[in-house]
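Below: the structure, in structure tokens.
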Amino acid sequence: MISKFINEEIGEKMIFKIANTEEEFNQIFKLNYKTFVDEIPQHEKNEKEILIDKFHKDNIYIIAKNKKDVVAMVSLCDKRPFSLDDKIGGIEKNYKGVFKNPIEIRLLSVKKEYRKSKVLLELLKRVYSYTIQNSYDIVFISGITKQEKLYNHIGFKRFYKNVGTKDAQYIPMFLKLNDETNEVFKNFNSGKIINYIPGPVDLSQRVIEKLHKKLYSHRSKQFVNLTLQTIDKLKKLLNVTDVTILHGSGTLANESILAQLSSKELNKGLILSNGEFGNRIIRQAKRHNLNFDTYVVDYSKSFDIDAIELLFSKNNYDFIYLVHHETSVGIINNLEKITNIAKKYSAIVAVDAISAVGGIKYDYSNVDYVACSSGKGLGSVAGLAIVGSNIKLVDVPKESIYLNLKYANENNSIPFTQPSLLMEALNEALNSFENDDIYNKILEKSSYMKEKINKINLDVLDVKQSEQSPIIMTIKIPNDISSKTLGDSLAINNILVHYNSKYLVEKNLIQFSFINKYTNLEEIDFTVDMIKYMLGDE
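Read left to right, the sequence shown gives residues 1 to 538 (UniProt numbering).
Next up, the structure:
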């Protein structure tokens, strides 16, 4: 993982990113001119000495910068027809292989004084990262003839005769991105990942070892004992009367709780939302034909406890459903106060705690249903839905048997096939919660990151102090910079943040999760420095 490095020959600091400012694009146009007009006479000279690629509006430019100077760049384009299509009359007519998602390297240019440095190698590493992260399966390029040896070393292969003019000859070449024998790729892919996404999470070595065990039957005594042991650990962690484990994601846990509520033939309920996952509960509840009101507040805003009390006093609700930790915002909703109100009116309390459990220590003994999953904060692999309960489970005759918590519970959480390796991994991961070290480390990293972010004048999403999440931090990106481009730039440098979800892109936000146990303070320093440079702050 080298995202900025000291060039041994020149002694300068480099940063690699995706171009997104007017100044960067202007420098790219000048660099294009130097390379493809002055050096390689492919285009006519002009007084402005700039060359704007005809595919510019569709190009992605990955650049190397020394402070504010763009010293190298690669442009990529996935819109067909490619320039190579035009040169050879269509790629499919001449390339005999099979591909589904191609991309073309349009331009590659390095300033002369940097051509004997590591800049090109480091730039190509980022190109490789970008293509893999975006699921391209092949790269096409019109390779400069005098660099054929370099292209061959990377893995490019010729598939057609030379094209171009006498003064500017090019070789049509391809590179398969799923070629596991490519030794250069192995080197490109060897860097350390800094993981700030809320899932999948980093797994401990002991959990990984469990995933390498031999599969065994879910009907065996060994598996029954493992499942019962896992259930006991979850009961202790959640402090609930019972736990049922289903084979599915956390969404299934919520679905099975909604099926319970629907089968109880309740009068009316209240569902709260202050973010994307509260809205998801509302959509799910509608599918179960539940009768309910909604209390929705603006994104990142806190629920008004007095308003909830007033709604209960006027409507005599039978249940309430809310998200404990609203991941899309980074807010810990005041579950204790809301539960106390609901219990005052003898209402059932159902909680989506999928991203809360394992990230914050909380006693769920006073709620009726709590949904969580094996991934995220619990530190295992997604695939097991978990429902903690402090209420008698009922049959759900109107729903699929797959959603019947009572049936699954009566069968020791093994009503159907359960994957032994997922249960082995979860059981092992739960051993990490014998003390509070995980919670303390999450809080330490979150506090440290917030302090560093404040120093580079970025704003954390405004959330009431008492409800700020230590699990996830939401950062507001300045309006003149795309949060998606920033996220892409971090990703090609092996820094993974949460940024691609529609609700984040629309609001120009990026998020950092701190549930990955192997992220350390030094990596946080490195990450914040990278963001500072990418935003143009020297």
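Think of the CB as a built atom: it goes at the ideal place given N, C-alpha and C, for glycine as much as any other residue.
Near residue i, what residues of its chain come up, given a Cβ to Cβ distance below 6 angstroms and the 5 sequence neighbours on each side ignored?
i           : result
I2          : Note that I2 scores 36 on pLDDT, short of 50, meaning its location in the model is unreliable and no value can be drawn from it.
D293        : L270
K125        : F188
K233        : L430
E8          : Reliability of the predicted coordinates at E8 is poor, the pLDDT of 43 falling under 50, and the value obtained from them is presented with this limitation in mind. None.
R206        : E428
residue 574 : For residue 574 there is no data in the structure shown, the boundaries of the chain being 1 and 538.
A64         : M14, F16, V71, A72, V119 and L123
V458        : The sequence as given places Leu at residue 458; Val does not occur at that position. Excluding sequence neighbours, L458 sits near I475.
I141        : I105 and M173
L521        : Y448
Within its chain, find whatever has a CB closer than 7 angstroms to the CB of residue i; leave out the 5 residues flanking it on each side and keep chain order.
i    : result
N162 : T145, Q169, Y170 and I171
Q222 : Y216
E309 : I341
I6   : Confidence is the limiting factor: at I6 the pLDDT is only 40, short of 50, which leaves the residue's position unreliable, though a coordinate-based value still follows. Result list for I6: K13, in chain order.
D167 : P41
G443 : Looking at the sequence shown, residue 443 is not Gly but Leu. Excluding sequence neighbours, L443 sits near P470.
G375 : G199, P200, V201, V381 and A382
K406 : L393, V394 and D395
K481 : Going by the sequence as given, residue 481 is Ile instead of Lys. Closer than 7 angstroms at Cβ, skipping near neighbours: N20 and L535.
G248 : A385
K361 : D436 and Y439
G415 : In the sequence as presented, Gly is not what sits at residue 415; that position holds Pro. Excluding positions up to five away in sequence, the list reads Y407 and A408.
Taking 8 angstroms as the threshold (C-beta atoms), are residue j and residue i in contact?
i    : j    : result
R106 : L150 : no
N274 : F303 : yes
S446 : F514 : yes
S483 : Y503 : no
L226 : E434 : no
L246 : A371 : no
M473 : K455 : no
Between which two residues does the beta strand (DSSP E) holding residue i run?
i    : result
K476 : I472 to K476
K65  : I60 to N66
A347 : It is not in any beta strand (DSSP E) - A347 carries neither H nor E in the DSSP assignment.
A72  : D69 to C77
F140 : I138 to I144
D242 : D242 to H247
S501 : Unbroken run through S501: none, as it is neither H nor E.
K17  : M14 to I18
S83  : Here S83 belongs to no beta strand (DSSP E); instead the alpha helix (DSSP H) covers S83 to I88.
Residue i: which of the options sits nearest, CA to CA?
i           : options                   : result
I103        : N134, T35 and A408        : N134
I28         : T165, I15 and I50         : I50
N267        : N239, S273 and N315       : N315
E183        : S204, N152 and L203       : N152
N101        : N178, Y439, H212 and I88  : N178
residue 542 : G388, L175 and K517       : One cannot answer for residue 542 here, as it falls past the ends of the chain, which runs 1 to 538.
I524        : Y160, N195 and D38        : N195
N289        : F277, Y299, E265 and A307 : E265
Y369        : G379, G377, I354 and I360 : I354
I197        : I531, Q511, T527 and L322 : Q511
D363        : N390, V329, K93 and I208  : N390
E24         : N66, T35, V37 and H43     : N66
K344        : S328, G359, I320 and T327 : I320
S420        : H212, I88, E180 and I472  : H212
T131        : V497, I18, A259 and V110  : I18
T519        : I477, Y448, N479 and S489 : Y448
Just to confirm the assignment, what range does the alpha helix (DSSP H) spanning residue i have?
i           : result
F526        : L521 to M534
F105        : Residue 105 is actually Ile in this sequence, not Phe. I105 -> not in any alpha helix (DSSP H); beta strand (DSSP E) instead, spanning P102 to V110.
V184        : E183 to F188
Y402        : Per DSSP, Y402 belongs to no alpha helix (DSSP H) and is neither H nor E.
A382        : Run containing A382: none; DSSP gives neither H nor E here.
V357        : Here V357 belongs to no alpha helix (DSSP H), and DSSP marks it neither H nor E.
Y448        : D437 to K455
S483        : S483 to I492
residue 545 : Outside the shown range of the chain (1 to 538) lies residue 545, about which nothing can therefore be said.
S413        : Premise fails: S413 is in no alpha helix (DSSP H) and is neither H nor E.
Give me, in chain order, the residues of the same chain whose beta-carbon lies closer than 8 angstroms to that of residue i; leave out the 5 immediate sequence neighbours on both sides.
i    : result
L311 : L270, D293, Y295 and Y317
D69  : Q27
I138 : G97, F99, N101, P102, I103, F174, L175, K176 and L177
D53  : N32, N59, S75, R106 and L107
For residue i, write down the residues that DSSP places opposite it in a beta bridge.
i    : result
H212 : In DSSP, H212 forms no bridge with anything.
Y362 : DSSP, once it has assigned bridges, lists no residue as partnering Y362.
G269 : F292 and F319
A425 : Looking at the DSSP assignment, A425 forms no beta bridge with any residue, so it has no partner.
Q133 : DSSP lists no partner for Q133.
S371 : The sequence given here has Ala at residue 371, not Ser. Note: A371 sits in a beta bridge opposite D352 and V387.
P172 : S142
E326 : I331
So is the beta-carbon of residue i under 7 angstroms away from any non-hydrogen atom of the ligand ZN?
i    : result
K210 : In the structure on display, the ligand ZN does not appear, and there are no ligands present to speak of.
If we cut at 8 angstroms on Cβ distances, does residue i have a partner in chain D?
i    : result
D437 : Any reference to chain D falls outside this structure, which holds one protein chain only.
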